[in-house]
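Data block below; observations after.
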Amino acid sequence: MFSRPLIIVGFAFVLLCGQRQNRVFWDGSDWNRIVIQMNQESELIYRVKAAHINGLLDGRLYYYLKAWEVDPVLAEDAYTDPLDLLRHKELIEALDKFYSDPKQNTIPVISAIIIANMRIGGISEPVVYRYIEETRFWANSMKTDIDSMSVEILAAKLDKHLSKPFDISVKYGRGPGYENKSVVLKPKYPQAVDKGDKEITWYMRLIQGWKFGITGGNQWSKSDSTFATGSGYNLVIKTPFHFTTEKLETRIRLETGGIKLSADLNGSQTAAYVQFGLRDSKIPIINRMMLDFGMGSTLGNTSFSSGLLITLRKKRLDLITRYVSASSTTQTKLPPNWISISLGFNF
Amino acid sequence: MKRVTFILLIFITYLPAQQMDRLFWNGSDWRRLEKLADYDPELTYMMKIAYINGVLDGRLFYYLKAWIREQAFADSLYAETVDYLTPRELVKVLDNFYADPINGYIPLPSAIIISNMFGERIPMNTIDEYIRHSKEWVNRMILEQKQ
Numbered sequence: 001m002f003s004r005p006l007i008i009v010g011f012a013f014v015l016l017c018g019q020r021q022n023r024v025f026w027d028g029s030d031w032n033r034i035v036i037q038m039n040q041e042s043e044l045i046y047r048v049k050a051a052h053i054n055g056l057l058d059g060r061l062y063y064y065l066k067a068w069e070v071d072p073v074l075a076e077d078a079y080t081d082p083l084d085l086l087r088h089k090e091l092i093e094a095l096d097k098f099y100s101d102p103k104q105n106t107i108p109v110i111s112a113i114i115i116a117n118m119r120i121g122g123i124s125e126p127v128v129y130r131y132i133e134e135t136r137f138w139a140n141s142m143k144t145d146i147d148s149m150s151v152e153i154l155a156a157k158l159d160k161h162l163s164k165p166f167d168i169s170v171k172y173g174r175g176p177g178y179e180n181k182s183v184v185l186k187p188k189y190p191q192a193v194d195k196g197d198k199e200i201t202w203y204m205r206l207i208q209g210w211k212f213g214i215t216g217g218n219q220w221s222k223s224d225s226t227f228a229t230g231s232g233y234n235l236v237i238k239t240p241f242h243f244t245t246e247k248l249e250t251r252i253r254l255e256t257g258g259i260k261l262s263a264d265l266n267g268s269q270t271a272a273y274v275q276f277g278l279r280d281s282k283i284p285i286i287n288r289m290m291l292d293f294g295m296g297s298t299l300g301n302t303s304f305s306s307g308l309l310i311t312l313r314k315k316r317l318d319l320i321t322r323y324v325s326a327s328s329t330t331q332t333k334l335p336p337n338w339i340s341i342s343l344g345f346n347f
Numbered sequence: 348m349k350r351v352t353f354i355l356l357i358f359i360t361y362l363p364a365q366q367m368d369r370l371f372w373n374g375s376d377w378r379r380l381e382k383l384a385d386y387d388p389e390l391t392y393m394m395k396i397a398y399i400n401g402v403l404d405g406r407l408f409y410y411l412k413a414w415i416r417e418q419a420f421a422d423s424l425y426a427e428t429v430d431y432l433t434p435r436e437l438v439k440v441l442d443n444f445y446a447d448p449i450n451g452y453i454p455l456p457s458a459i460i461i462s463n464m465f466g467e468r469i470p471m472n473t474i475d476e477y478i479r480h481s482k483e484w485v486n487r488m489i490l491e492q493k494q
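Protein sequences, first through last, are from chains A and B.
The numbering used here puts the first residue of the first sequence at 1, with every later residue one more than the last.
The numbering used here puts the first residue of the second sequence at 348, with every later residue one more than the last.
Next up, the structure:
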């Protein structure tokens, strides 16, 4: 259903990227993009635009002077364009006005400067119009040429690269006696067994992926108009049975320990939990946020729980809130449900 | 009091004169960009990139114009490499280059060529020679402009 729009968007994106790469000069789209990049702050926009204009004028003057030293006649002929009739501020205003017409977006900035100076220099509008049209024509034809040439240039570069015996050791002066060493790049996934694994002892391999922690907290229950509080503690074992994607994570966690709901209601509890949620949360302070579902035994009775786990402090500290429901017998007199809030530390 | 006012007046008249003598942006302008951008690294970079793109566009535009008139002349005049480094690399190399105050008055268009020479690993004595030549050239140009 979505594949067709996706292809069109992807194609447009690739096309736009291609356009950007093959643009020769800064033009109207670059000029107008400065406003967006500078968050509409007029002072900053002015400075960036002024820097670009200074660069253009410096580039022109530098090579004019160089050319003039070699061949003054040719230099005077090639660099006759009027570029300095306007002050920077006036020039920026003139260019803003010029590029406010999207039709002029393909005109290079340097040509737009010439056009602005032609207008202020009293050149007639038909002549200026003809200059704009000629500029648009050569700028577009240059882009088209580069589009068709780029493949040839890449092919020529590859051919040149493959034809020469490229040896980095010679280029950087290590001399012909330098011994080339083959470098093996290790892939990240899947984790292959390599020589380094031989140094890991069997019990180290067994505990890889297992993690341990402790939790402690309080329980609150309200049933039959009585309000009871209690405490619990657990040893946490995070098993290696987990599944992760770039953003999500699923883990299985075992907890075993004690629980005390009242003076005569205490004993052991054990449960297995399945947790899934955000692996690396974008929310400040919170590193991980997961839903938590568990099943186990509390004082010998079957219990179920659901809750929320929030991890802080570089995934060291867990804040767990659970709603627990348990079956009860006449001997244990366990409340049917209670809320457990606990704090955990991961080793 | 009169003496202080007199010295201040000399400074005030001398400083704009210095500014007027400068033909191109150089190391002091390059370093001043940081201050102009209120020490915002992103904005400083944007301004530097805008300037570099300006120089390169100005160069290319007039290279093409010169090439239409006289190909051999244009090719010899614009023979230096200015696109070996990416703009980001170029900004970094220029920052390093102008960190040395002795390079302060080398024009930025020359410094762009020098930075690319560094990138291409051209022998240091050739680069030093080019730097010396650039200094002499810009001084000569300023003197000629004064005259």
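Cβ coordinates follow ideal geometry from the N, Cα and C atoms, glycine included.
Contact test: residue i Cβ vs the ligand MN heavy atom, cutoff 7 Å
| i | result |
| --- | --- |
| B/Tyr386 | Here there are no bound small molecules, and the ligand MN is not part of this structure. |
Under 8 Å by beta carbon: chain B residues contacting residue i
| i | result |
| --- | --- |
| A/Val35 | Near A/Val35 there are no residues of chain B at all, since even the closest Cβ is about 12 Å away, more than 8 Å. |
| A/Lys66 | Leu424 |
| A/Ala94 | Within 8 Å Cβ-Cβ: nothing; A/Ala94 doesn't reach chain B, min ~16 Å. |
| A/Leu74 | Ala413, Arg416, Glu417, Phe420 |
| A/Asp77 | Arg416 |
| A/Arg316 | Per Cβ cutoff of 8 Å: no residues; A/Arg316 is ~33 Å from chain B at best. |
Reduced DSSP secondary structure (H/G/I, E/B, other) of residue i
| i | result |
| --- | --- |
| A/Phe25 | coil |
| B/Tyr386 | coil |
| A/Ser281 | coil |
| A/Arg87 | coil |
| A/Lys211 | strand |
| B/Val485 | helix |
| B/Gly405 | helix |
| A/Ala116 | helix |
| A/Gly55 | helix |
| A/Thr302 | strand |
| A/Ser124 | coil |
| A/Glu43 | helix |
| A/Thr250 | strand |
| B/Pro454 | coil |
Chain-ordered chain A contacts of residue i [CB-CB under 9 Å]
| i | result |
| --- | --- |
| B/Asp404 | Val24, Phe25, Trp26, His52, Gly55, Leu56, Gly59, Pro108, Val109, Ile110 |
| B/Ile469 | Correct list: empty, because the minimum Cβ distance to chain A is about 13 Å. |
6 Å CB neighbourhood of residue i in its chain, flanking five on each side removed
| i | result |
| --- | --- |
| A/Leu56 | Ile110 |
Close Cβ partners of residue i (< 7 Å) along its chain, the five nearest in sequence each way excluded
| i | result |
| --- | --- |
| B/Ser462 | Leu432, Leu437, Val440, Leu441, Phe444 |
| A/Ala272 | Ile252, Leu254, Gly294, Met295, Gly296 |
| B/Trp414 | Ala421 |
| B/Thr391 | Leu380, Glu381, Ala384 |
Per-residue burial, residue i [other beta carbons within 10 Å of its own, 16 or more giving buried]
| i | result |
| --- | --- |
| B/Ile459 | buried |
| B/Tyr409 | buried |
| A/Pro165 | Per-residue confidence for A/Pro165 stands at a pLDDT of 47, beneath the threshold of 50, marking its modelled position as unreliable; the derived number appears in the next sentence. So A/Pro165 counts as exposed. |
| A/Phe25 | buried |
| A/Val183 | With a pLDDT of 39 at A/Val183, under the threshold of 50, the predicted position of this residue should be treated as unreliable, though the coordinate-derived value follows. Exposed, because fewer than 16 other Cβ atoms sit within 10 Å of the Cβ of A/Val183. |
| A/Trp138 | exposed |
| B/Glu476 | exposed |
| A/Val73 | exposed |
| B/Met394 | buried |
| A/Ile36 | exposed |
| A/Leu291 | exposed |
| A/Phe347 | exposed |
| B/Glu483 | exposed |
| A/Arg288 | buried |
Strand pairing of residue i, partner residues [DSSP]
| i | result |
| --- | --- |
| A/Glu404 | Lying before the first or after the last residue shown, residue 404 of chain A is absent from chain A, which here runs from 1 to 347. |
| B/Gly374 | Note: B/Gly374 sits in no beta bridge, so no partner. |
| A/Thr311 | A/Arg288, A/Asp318 |
| A/Phe347 | DSSP, once it has assigned bridges, lists no residue as partnering A/Phe347. |
| A/Val324 | A/Ser305, A/Trp338 |
| A/Gly296 | A/Ala271, A/Ser303 |
| A/Thr80 | In DSSP, A/Thr80 forms no bridge with anything. |
| B/Phe444 | Answer is none; B/Phe444 lacks a bridge partner. |
Contacting residues, own chain, Cβ-Cβ under 8 Å from residue i (five flanking each side not counted)
| i | result |
| --- | --- |
| A/Leu334 | Leu261, Leu265, Thr298, Leu299, Asn301, Ala326, Ser327, Ser328 |
| A/Lys247 | Leu278, Arg279, Asp280 |
Amino acids of chain B, ordered along the chain, whose beta-carbon sits closer than 7 Å to that of residue i
| i | result |
| --- | --- |
| A/Asp71 | Phe420 |
7 Å Cβ cut-off: residues of chain A touching residue i
| i | result |
| --- | --- |
| B/Pro448 | Near B/Pro448 there are no residues of chain A at all, since even the closest Cβ is about 21 Å away, more than 7 Å. |
Interface residues of chain B facing residue i [CB-CB closer than 9 Å]
| i | result |
| --- | --- |
| A/Tyr63 | Gly405, Arg406, Tyr409, Tyr410, Ala413, Leu424, Tyr425, Pro456 |
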